[in-house]
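This report refers to the structure that appears directly beneath it.
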Amino acid sequence: MNPRLAKHPRGSSGTRKVGLARVLAKLGYCSRAQAAALIRAGRVKLNGEVRRDPETPVHLGKDRVQVDGGAIDARAKIYLVLNKPRGVVTTASDEKGRETVYVFLPKGLPWLAPIGRLDKASEGLLLLTNDSEWAARITAPETHLDKTYHVQIAAIADRGLLNALREGARTDDGYFLRVKEARLLRQGERNSWLEIVLDEGKNRHIRRLLEHLKIEVLRLVRIAIGPLTLGDLAKGATRVLTDKEKQMLDRAMG
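Numbering (my numbering), first residue to last: 286 to 539.
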């Protein structure tokens, strides 16, 4: 990892303390997990001294942080849209050697993290950014930012199923799962396409709820996050979020 020249985020208060690993993530240098590994390896200095505790408090705007002898720069904020293909995982690396979403990102970008996740079998709209605070707002339950999915199921959907999805159920693992909205898009002789909206997002939320209802999911595509839609972005393609889209998402989060 190349050393970069470092400054603290603009507008930060000199009295505010943040954990060392979080500082590296906030500056867009790497993920918090990667930062913790760098710190434990003795590669990070705080005011000229090696610190090995990722929770070491740092005074933003006052203290000097270095990685591998070079100060780190607060990097320009980047917001990227990816149409995630099916069959790739939403991680930077995978212990099983599976292909990750990072193979689709343009070269030369700083470290970016996915905002939320889509499991390996799911596809569609995925946001990535080095703005950790904005990412936290997108995924925070209190924002109630709608996520919209098109879901193909191996069943003929009826009113009873749609009501069951809205009413929710307590699954075998003890979680109560429900959807905000569910409607029929189209159906064939043996399967149906549903549009499902969530205003919360537990791990594999839709799949677990449908599995509890004994319904097989054939495809699951996220088509929108709040007012941001996937549109005609090709599978595996990326683009930069426009200023207008960023502002729309900010307004939707209040």
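A virtual CB, placed ideally from N, CA and C, is assigned to each residue, including glycine.
Beta-carbon contacts of residue i that lie in its chain and below 6 Å, excluding the five residues immediately before and after
{"i": "glutamine 351", "result": "Lys330"}
{"i": "threonine 273", "result": "No answer is possible for residue 273: it lies beyond the span of the chain, which begins at 286 and ends at 539."}
{"i": "leucine 450", "result": "Val464, Ala467"}
{"i": "valine 335", "result": "Gly327"}
{"i": "isoleucine 500", "result": "Ile438, Ala440"}
Nonlocal neighbours in the same chain, by C-beta distance under 7 Å from residue i, ignoring five residues either side
{"i": "glutamate 530", "result": "Leu513"}
{"i": "aspartate 404", "result": "Arg489"}
{"i": "alanine 310", "result": "Ser316, Arg317, Ala320, Ser417"}
{"i": "arginine 493", "result": "Thr456, Leu462"}
{"i": "leucine 518", "result": "Val366, Asn368, Arg524"}
Candidates the options, of which the one nearest residue i by Cα
{"i": "alanine 522", "options": "Glu334, Glu408, Glu418, Glu485", "result": "Glu408"}
{"i": "lysine 432", "options": "Glu485, Gly459, Thr527", "result": "Glu485"}
{"i": "alanine 322", "options": "Val506, Arg337, Val308", "result": "Arg337"}
{"i": "lysine 465", "options": "Arg475, Ser477, Ala454", "result": "Ala454"}
{"i": "arginine 504", "options": "Glu474, Ile481, Leu394, Cys315", "result": "Ile481"}
{"i": "arginine 349", "options": "Lys362, Glu496, Gly333", "result": "Gly333"}
{"i": "aspartate 535", "options": "Ala425, Leu498, Trp396, Tyr460", "result": "Ala425"}
{"i": "asparagine 462", "options": "Leu495, Arg507, Tyr434, Leu446", "result": "In the sequence as displayed, the identity of residue 462 is leucine instead of asparagine. Leucine 462 has its Cα closest to that of Leu495, out of Leu495, Arg507, Tyr434, Leu446."}
{"i": "glycine 539", "options": "Tyr434, Glu427, Asp458, Val308", "result": "Glu427"}
{"i": "threonine 456", "options": "His497, Val388, Arg444, Tyr434", "result": "His497"}
{"i": "leucine 434", "options": "Glu384, Thr527, Ile508, Pro339", "result": "One detail in the question is off: residue 434 reads as tyrosine in this sequence, not leucine. Minimum Cα distance to tyrosine 434 is reached at Ile508."}
{"i": "phenylalanine 389", "options": "Pro339, Glu474, Ala377", "result": "Ala377"}
{"i": "serine 347", "options": "Ala361, Tyr314, Val308, Gly382", "result": "Reading the sequence as shown, one finds lysine at residue 347 and not serine. Selected option, being the one with the closest Cα: Val308."}
{"i": "serine 361", "options": "Lys520, Met533, Leu312", "result": "Correcting the residue identity first, residue 361 is alanine in this sequence and not serine. Per the Cα distances, Leu312."}
Residue i versus residue j - alpha carbon distance
{"i": "alanine 306", "j": "isoleucine 423", "result": "21 Å"}
{"i": "isoleucine 400", "j": "histidine 490", "result": "16 Å"}
{"i": "valine 525", "j": "proline 391", "result": "11 Å"}
{"i": "alanine 320", "j": "leucine 430", "result": "29 Å"}
{"i": "tyrosine 364", "j": "aspartate 379", "result": "23 Å"}
{"i": "valine 502", "j": "serine 417", "result": "32 Å"}
{"i": "arginine 328", "j": "serine 316", "result": "15 Å"}
{"i": "arginine 301", "j": "leucine 345", "result": "6 Å"}
{"i": "valine 373", "j": "leucine 394", "result": "20 Å"}
{"i": "leucine 479", "j": "leucine 515", "result": "17 Å"}
{"i": "glycine 511", "j": "alanine 537", "result": "7 Å"}
{"i": "threonine 527", "j": "tryptophan 419", "result": "15 Å"}
{"i": "leucine 397", "j": "aspartate 443", "result": "41 Å"}
{"i": "aspartate 458", "j": "isoleucine 357", "result": "43 Å"}
{"i": "tyrosine 460", "j": "aspartate 353", "result": "44 Å"}
{"i": "leucine 447", "j": "tyrosine 314", "result": "44 Å"}
8 Å Cβ shell around residue i - same chain, five flanking residues per side excluded
{"i": "threonine 341", "result": "Gly304, Leu305, Ile324, Leu331"}
{"i": "asparagine 476", "result": "Gln437, Ile438, Ala439, Ala440, Ile441, Leu503"}
Per-residue DSSP class, three states only, for residue i
{"i": "glutamate 408", "result": "strand"}
{"i": "glutamate 480", "result": "strand"}
{"i": "histidine 497", "result": "helix"}
{"i": "isoleucine 508", "result": "strand"}
{"i": "arginine 337", "result": "coil"}
{"i": "proline 391", "result": "coil"}
{"i": "glutamate 485", "result": "coil"}
{"i": "asparagine 332", "result": "coil"}
{"i": "leucine 397", "result": "coil"}
{"i": "lysine 311", "result": "helix"}
{"i": "leucine 430", "result": "coil"}
Three-pair Cβ contact test at 8 Å for the region 397–414 versus the region 368–378: yes
Contact between the region 413–423 and the region 468–488 (3+ Cβ pairs under 8 Å): no
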